[in-house]
Every structure is written in structure tokens, then in C-alpha cells.
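Residue numbers (the UniProt record's numbering): 1 to 1209.
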């Protein structure tokens, strides 16, 4: 039994593979109804439709107006057109006949009830609809419409097919309107009869050429309408311009037709409306409005049923958001939406084409039982396949689908979709007139004569679409078939590659091609794979295909030209190495230019080389990694392991990574570089090939991604050598593999790396803390604790000492270079921290550009890379133990503080601290000494000079050295400092008391004190102490001596004060008596007595004898002034006039008062000096005495005679 004989129906029979809406001949209708398969999915769609439609047969409810729209969608080849055509047959219950036997559409479905999913309920609905009067108008909108009419096109095509259905003119809507008007007036038949009589032909036959029968038209119209010919002519001439074309009129005409014909339904079945409307928003709106208004005007009796692609983007191109929203709104106006899937297609093909005879089923079941396991292994796709492409699952699956494979249905459908959207097909396929059924029948017919072990290879599906292909595509394949260098098998592979060229679900890899090419159940896949590889190589040489990684791509003629140009693009070997270097170092190794050793977090810079070319410059860092590949001209020399090991030992050693040979991968890298170069040159130069260049750029991007993936695998499988050994890294990623190798190199070449313990925390912060440490921190620094890395510190100290001993200048940069490289490999900041601690410990000092660099100012220069070359290191000299002991003893003598430390730095700090205290004290002493006469000024100045000279020493060595040199001076000054300290801190107040006594307290009474021997001697001793340069030993005598002088001074005061007070009191009494006698007012009394009273008070408080005497003399003067005030008062009083005597009274008046008693006049007090007016008078002769007495007598007599009192002084 061969393939042709296994089917129930003849394989070679004519099957209408392409369903056309307008193909309505009797034979086609019969075959379509007879062979139509109602699958489970279609049964659901029929049920959904009739559940909505059947109520409209009896109900005129307004609710039906919104349900008259039906939207049928599906992918290419899903059977949309076939579905609505069968639906149209059912709705009008189409009659057809065969062999003289007439049958209605519903009769066919009655037979299908048993063989399909149609139950009694669904059939009842179908039966009701089929026996209800209906006008069914089925048409392909694209073939009936004129797209030049833009947004009115959809309305005009609806009107066109409606007019045609009811018998009016289809092509000229205004003529149809004329016919409708005449028909409505009952004049249409008269018009047609008259026209037939005038022309000898029927109106229906000639109306499309009405312009040639204008006169006959006018005459016939005038006769039918009973109007004059001029009136009719004017009406006809304006008919087209006045034609009321709008949706409302159209709906009204449809409704009028329905009402006029007894309420029959009218159904518009429109095929491929989605593609026709496309992106035209106005057409979308027209379709929406037509559907809504038909429902409203016709009360649910006019229906609109349309088909559209499910993937509208694939059908008409990418929609923007607004267009997509508009398209969704249109679908929303259709109450019933039916979505057909590819599952329906598979079931239809199985039942219409592949249904088997019973003997065939038995033989196939036996075949699968025997070969089922083989088939499962034969028909598997690789992991790049994104869609679920099913193979045979069981015996039934094998029998139902044989000789096809289940994945053929989905894959062929995707082929139809993809080659249409990519523009590889001509008009017919592009417009939707295609059939998967025809493709499967054609493929089966090609193997009809073969035995039952045959399978359908995928290239068999090329023939059914060949006639629809664009000439350029077809010519490419036809020319390939004619090449003598290619075999028929090569042509079949080329066809397969073309078919899946744009199918994303399955990649054109070698494994997938093997699966798609299997044509026998027992095919040797190993041999087939080898045969396909050879075929692909031949096709590639002919530039019919191009390799893109694991994929093989069919090339059109234009693509072939581009591929040829790319192949002949010249590139340099250095470009290949550069790209490889980018892939390896930038992508696989993630631009790693340094390796962080996990133990101490130290970063080690890496020098990278690819095929001998440096990636980072020619300088060799701590780690050197070299990648060699077959692109390296010297690659063959690395085949011997001994040569690789030898190479890794050169200089300081390196890592060698030898990439393996993989011709396909290295060719792929070359193709990528050539394509990149070509695209760069061609960019903007070829507008006609822009889409091809974009595709090629995308393809190259994908190629680059594959390169990264494949080089990752190549790198992890590479041979790795390091410092004389071949390594076997355990890691599976390039970065971890290299990290493991770096660690191996570090731990085997940096022998002193672990000498340094990593510092915990922030290194920069710790460095700054050490450099800016205060004195307390410096003294507390213990360099021997593990945290300070004493061993590493000694290593650095030895290096610096050795260099300096050779008279070599040592700079910070030199130390860093020495200890960051092998065998140390220490981190820079760790080295800086060790140097800072050595500086803090007083073992190293630093200069910057010949100027001392204090540690507190060293952080910025230390951390500045530019400054490190200018920072010079000096070894600080250290004293021996004997000198330190001697200095410690001196310190104890000077400061009375024993040294309990152990190092020079600690001793220096003690000295510096004590000297600073001396210095601070001396400055305080000097400040006090400069305020007056104080002892020790010279000693203070001498001490400051001595102490400052020591404090100016910059390091501990010179400080101790100078200390020992100045030991004698320091010991002498220590005694002076003790006296100064005692004086200025303990006796300073005593000295101020002495100064006050000598210069204030005893100064005024000095003359009186001098007359006392005891007081004179005490004062002399006090002055001696005060004027002494070193009075420190006599200071205790000051207080007793002052007390002694004070006692004598008090005695003298007590002697002088009573006499003076008595004299003042006598004068106050005199003035008081004079004031009383003069009757002085209180104001005068106050003026006269107050100065004397103040004088008395001063004497009472005075501690100065001269002051007491002077006040006593002053009282005499004040007495004279008081008498003067009293005399002036008396004079003024005398000058006042006496009151007049009283006048004599009349008789009878009161007798006059007695005359006042005479007032005794008040006498002035005149002071007469007993001595001359010019001072004391010296009398030597009797004559002089007589003259003196005479003058005194005259003065006294003169005052008395004047009535004054005389006061003799």
C-alpha cells in the first residue's frame, strides 16, 4: 500500500483550496457544503452566532439593534472566509444539485449532526434561520470597492452590493437612486418597457452605458413620469449632483426594502474588511456608523458580518497607539466576536484530506507500534526553538496526521504569515487568497506513490506557494536549481531555508534542518546531517545563503550582493586582534584592570596582552596576563606545553591563556568585523537598500551577542599556564577563572605578601589619625603590637637605612615602588601608614622640596601622587643607652621626675614637656617683673634663652644631644628657677607690701622716723632688701621690719595729732563766738565753720605727720578767712538805713509806743600781725625796738579808735 491509497477520499481530487466569496457556481457550492468540516471550535462559533441571530427572526425588540454586528477574526489560513461563506449558504438556505439530486444547505448540516459536534439545539437554530426569508449579500470588499473614493469607499461598496441585490444599477448609485424613485412611484416597469421599445434592448443590459442613450432615457422617463422632456432633462442632468449619498439614506433604503418585502432579513457578509479599512480612521468611523445605523433603522433585521485578521499589525503593518485604539473601538461595536484559531485548521485538514481507510489505519497503527520510539528521536528540534512544535504523541496522532507531522500545521501557517509580511509574495497571497489545505494536498501528492515509511520533508511545501512568490525570490531559487555545482538535494535545502527565512519560532540551525529534512522513518540522521553540512557549504560558496552563528540564512539577490561585498571587504589582522581584545578583556573579564587579593584587600594592577598586542600600554604591572589565539601568527609555537611553560617564566613571570581552535567561531569573528566595516562605509549611501542594511546591522548585533556567548565557552575551555605550571582552574566563568589564576600567581611569587596584616577599617582615616596624633598618642604608641605590623615596619626601616648608608637619596615614591611589587605586593596606603608610624615613633623624618615636613602637615602630600616624588625620607639618629641614662639622671636632677620609659622618643617627650612648663613659667615671671622693681630679671631672660634653645630642636636626637651639652648651665639655672618660682609664685605679695611701705606708707614720715634710731635702722634694712639683686634669702625679714617701723610711725602720729586738733578746736570756738556776736545767719555760719571742720577731720585720719602740720597751719588761714566773712556781714548790716521815728498822733488817738532802746553796735574783728608785713622782723637796736612798738601801737589804736576788735597774730 502506498500513500495515495490510504485516504478515504481521492488524494488527487479537485479541492477548492482557495475560498472566494464570489465563486458561487453550483459545483463549487456543492463541494464546499459537502466537505465542510464542523470542528469543535467551529461548533462553538456557530452556536454563538445563532444564539444571537435566531431571536431576530421573531423579535423586533430595540435591544436587537445593538446585536446585529458580527466580527469574525483569525490568523492567516484559519478559515474565516470559508466560515462566513458557509454561513451565507445556511442563512439563505442555498439550493444546489449534483447528479440530478437537489439539496438545500440545511440538508448538508443535518447529515453532519452525527459526524460532528452539532447537537439538536444548534441544528434547530440553524433550521429556523435557514427557513426564514433573508437576502444574503456576500462579497469581498477589496474586490468590489474603489479605494480612490477614500472614506466614502466603504459606504459606496455597501450601497453598490445592496443595489445589485435588489435589482438596481450597481455601478452608478445616482442611476440606482433614479430607479428606486421610479419603483417607489410605481413607474419603473413603464420606464423599462418604454426604453425597451425605443432601443430594442433591455434597460438592465444598457443602463451601465446610459450616457449613450440620453435621448431614449429622457423620452422613456418623460413617458413614465408624465412630465415634459425639458423638465425631465433638467432632473436627470442634476441627478448625480443632487444624489443624497449618506449613511442615513442608505439605512433608510435598506429598511424600506425590508418593509416592502414582508420583513425579511438582509445580511451583509463582508470578507477581509480589516485589511481594507486598515489605518484609515475615516473608513473605520464609516464602518462603525453603518453598523450602528443599520441596527437602529432596521430594528435588528439588517446584519453586518465581517472578517478581519486577528493580528492586524501583521496584516497591514504596525499601527500606532491612536490607530490601534480606533480599531479596537470598531470591534467594540460588533456585539458578536468570533475568533478562529489554527487548531481549527489542523482538524479541517485531517478530516477533509487525511481521513484514512480502515485497512490503512490498521497498517499505520502497526507501523507506529514498531517505529514509534524511532520517530520520537527523529523529530526533535534544538533548544533555540521558541514555539511548541509538536511531534507524534501517540498512535492516534500518528494515524490522523500521517504522512504529515503535527508541527507542520503551525509551522506552515507561520510560513504563510511570515513570507507575506516580509514582502516575499505576490498580490494573490498578499490579499489573503491562500489555503493551507491546498498546500498540504500538494505536498501529499508529491509523495503519493511512495511506501508508508515516507514522511513529508518541509521543502515539499515550497511548490504550493511557488506561483505566488515575487519574481526576484523565485528567480533566485530557480537559478540555483540550474547550477551544475549544486545538486537537487542542495535545491531542497535552499527551499527549506527560504520557507523558514522569516519564521521566528524555529531557527535555521543545522539540527533543525536535519529534523525538517527527514523524509523516511528510518532515515540515518548522522548521514543526513553530514549531507546537509556539505550542501550548506556549497550553498554558502555560491552566496545563496549566509551563515549567522549557528543559523543559515537564505539570501535574496539584493542580500546576495550585500553579502558578496561584505565577504570581499578587506580588514587588517590588527582589527581582529583588537576586537578579540575587546571581547575578552572588556566583556568576558568585565574591564578588570586590577585584581583585589581577598586576604588583604590589596589591589594589584594587571597588564593585559592579546596576541602580543598590549591592551593597557607596554608597562608591566604586578600581574601580566597574555591571551593567544589562532589569530596570532606565532600561535603554532604555543602548541607545545614546554614552550608555554617557558614563556610564563620570562621576566617576572606571567599568565598565559591559549584559546582553542574553532574555525567556525574565528570565521564568525571575521564576518562580524567585515560586516561592521561594510555598514560603516555604506551608512547613508544607499537609501534604496536602507531596510536591508538595517536588517544586516541587527543581524550583526545578534552575531556579536553570540560571539560573547561562544567566546565565554571557548575561554573557560582554554589552556591556562602561570609561572612555570599548567593550571586546571575549577571555576566555570572567565572572570572567576582568571581570579583564581591571579591568586595562584600572587601566593607563589609574592613571598612577603603575608608579612603585612591588613588594617581593619578605613585606611585613609587611620593614616590621617597617625599623622595628626597629639603628644599623648605619640607617647602611647607601641610599635610592637601586632596591629602595627612590627615586622613589616622593620622591613621598611631596614630598606631606608640601607639606602641612606649608601648615601642614596630616599624618596617616598621609591619606597612605594619597592614594597608594592614582588616579593612584597603591599597596598600603597598600608605602606604610607607604616611610614607614618615610623615618623610618629621618631625613627624617620620627612622633607618636602628641601623644607621640613611636619607629620601634622604630611597627609595631603602623602596622599598626592604628584608630591610623592618630592618627599624625601631621613633616618633619625638614635642615642645609645648610656647617653639616655645620663640624660635621664639629668632630667631627674632638674625636674625632680624620674624617667620610667624605655625609649629615646619618650625621654625626649618628657624633656620637652618639662622644658615647656619652665618656658611658660618664665614668660609669666617676665610679665610680672616688667610691671615694677622686681628681682631676677636677668635670670629670667637667661633662662628663657636657654630653654628656647632646647625646645627649638626638631627631633629627639638633637634635643637630647643639646640637653647634654647644656647640662652645667641647666643645673645652675635650676637653682635660679627654684628661687624665681618661689618668689613669683609665693613671695610676690610680700614684695609688693615692701614696695608699698617704702614708697607710700613710710615716705611722708621719713624725716620724723629718721630721728628715731630704731626706725632709722629698720628702714635702712628694708631699702637694702628692696634694692638687692638676689633678695630671696632676706625676704622673711620684710614683714617683721615693716611691723617695727609701723609701730614707731604710729607713736609719732599719736604725739602730733592731739596738739593739732586742740589748735583747730580753739579756732572753731573763736569763730563760733564771733558769729554769735554778729548775729550771723546759718548760711554764713556754714560758710565760715565748714572749712575748719573739714580740716579737723583730715587731721583725725591722717597717717602723715607733714599732713597734720600742714592742716594745722591751714586752720590758721581758714580762721582769717572766716573773720573776713563775718566783717563783711557786719559792714553790710551797718550800711542798712534806720527805720523812721513814729509821727505824733492826734488827740484822742492811741499814745505812741515808747522809743526803742539804743542798739549796741557790733564790732568787727581786725587782725593785726605782730611781725612785719613782709615776714619776720629782726630788731638789733633800741631805736628799732622803739620804732616797731610805735608802729604796732598805731595799728592797734587805729583799730580800737575805729570801734573794732583787735586780734593780734
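All C-beta atoms, glycine included, are put in the ideal place defined by N, C-alpha and C. Owing to the predicted nature of the structure, the values given are computational and were not obtained by experimental measurement.
(request) Over the uninterrupted beta strand (DSSP E) stretch that includes residue 872, give me the two end residues. (result) 871 to 875
(message) Applying the 10 Å Cβ sphere with the 16-neighbour rule, what's the burial state of residue 366?
(response) exposed
(request) Using a threshold of 8 Å, state whether the C-beta atoms of residue 755 and residue 809 are closer than that. (result) no
(request) Report buried or exposed for residue 734, applying the criterion of at least 16 other Cβ atoms within 10 angstroms of its Cβ. (result) buried
(request) Could you please give the first and the last residue of the uninterrupted alpha helix (DSSP H) stretch that includes residue 47? (result) In the DSSP assignment, residue 47 falls within the unbroken alpha helix (DSSP H) covering 40 to 53.
(message) Given the structure, does residue 682 come close to the ligand NAD, in the sense that its CB is under 7 Å from one of the ligand's heavy atoms?
(response) With respect to the ligand NAD, the structure shown offers nothing to examine, as it has no ligands at all.
(request) Starting from residue 949, follow the alpha helix (DSSP H) in both directions and report where the run begins and ends. (result) Residue 949 -> alpha helix (DSSP H) spans 937 to 951.
(message) If I follow the unbroken alpha helix (DSSP H) through residue 609, where does it start and stop?
(response) From DSSP, residue 609 is part of no alpha helix (DSSP H) but of the beta strand (DSSP E) over 602 to 610.
(message) Could you tell me the alpha carbon to alpha carbon distance between residue 892 and residue 905, rounded to whole angstroms?
(response) 17 Å
(request) Measure the C-alpha to C-alpha separation of residue 602 and residue 673 and round it to an integer number of angstroms. (result) The straight-line gap from Cα to Cα measures roughly 38 Å.
(message) Determine whether the beta carbon atoms of residue 397 and residue 403 lie at a separation below 8 Å.
(response) No, the Cβ-Cβ distance between residue 397 and residue 403 is not below 8 Å.
(request) Report yes if the C-beta distance between residue 2 and residue 383 is below 8 Å; otherwise report no. (result) Against a cut-off of 8 Å, the Cβ pair of residue 383 and residue 2 comes out as no contact.
(message) On the DSSP letters alone, give me the boundaries of the beta strand (DSSP E) that residue 748 sits inside.
(response) First-last for residue 748: 734 to 749, but that is the alpha helix (DSSP H), not the beta strand (DSSP E).
(message) DSSP three-state label for residue 280, please.
(response) coil
(request) For the segment 93 to 112 and the segment 352 to 371, state whether three or more C-beta atom pairs, one from each stretch, are separated by less than 8 Å. (result) no
(request) Would you tell me roughly how many angstroms separate the C-alpha atoms of residue 125 and residue 552, rounded to the nearest one? (result) The alpha-carbon of residue 125 is positioned some 54 Å away from that of residue 552.
(request) May I ask you to report which of helix, strand or coil DSSP gives residue 626? (result) strand
(message) Only counting the same chain, and skipping five residues up and downstream in sequence, which positions put a Cβ closer than 8 Å to that of residue 876?
(response) 842, 843, 844, 845, 955, 956 and 957
(message) Going by beta-carbon coordinates alone, are residue 745 and residue 725 separated by less than 8 Å?
(response) no
(request) Identify whether residue 1180 lies in helix, strand or coil by the three-state DSSP scheme. (result) coil
(request) Mark residue 53 as exposed unless 16 or more other C-beta atoms lie within 10 angstroms of its C-beta, in which case mark it buried. (result) buried
(message) Assess contact between the segment 5 to 17 and the segment 85 to 94, defined as three or more Cβ pairs (one per stretch) separated by less than 8 Å. Is contact present?
(response) No: the two stretches stay apart, fewer than three of their Cβ pairs being nearer than 8 Å.
(request) Per DSSP, which residues does residue 71 bridge with? Please list them. (result) The bridge partners DSSP lists for residue 71 are 306 and 337.
(request) Can you grab the Cα-Cα spacing for the pair residue 177 / residue 239, in whole Å? (result) Residue 239 has its alpha-carbon roughly 9 Å from the corresponding atom of residue 177.
(request) Consult DSSP for residue 3 and reduce its assignment to one of helix, strand or coil. (result) The answer is helix: DSSP assigns residue 3 an H, G or I state.
(request) Look up residue 401 in the DSSP assignment and say whether it is helix, strand or coil. (result) helix
(message) With three or more C-beta pairs closer than 8 Å as the rule, is the segment 25 to 34 touching the segment 266 to 285?
(response) Contact between the segment 266 to 285 and the segment 25 to 34 is absent: fewer than three C-beta pairs spanning the two stretches fall below 8 Å.
(request) Would you grab the beta carbon distance between residue 539 and residue 494 for me? Rounded to a whole angstrom, and I think it's under 8 Å. (result) 6 Å
(request) Look up residue 614 in the DSSP assignment and give the residues it is bridged to. (result) 609
(message) Do residue 1092 and residue 1108 have their beta-carbon atoms positioned less than 8 Å apart in this structure?
(response) no
(message) Let's see if you can read the secondary structure: which residues bound the alpha helix (DSSP H) around residue 1026?
(response) 1013 to 1026
(message) Please state whether the Cβ-Cβ distance between residue 1022 and residue 1053 is less than 8 Å.
(response) No, the pair does not count as a contact, with Cβ atoms beyond the cut-off.
(message) Can you tell me whether residue 24 is helix, strand or coil according to DSSP?
(response) coil
(message) Helix, strand or coil for residue 911? Go by DSSP, reduced to three states.
(response) For residue 911, the three-state secondary structure derived from DSSP is helix.
(request) Identify every residue that forms a DSSP beta bridge with residue 810. (result) 873
(request) Work out the CA separation of residue 532 and residue 489 for me, nearest whole Å. (result) 8 Å
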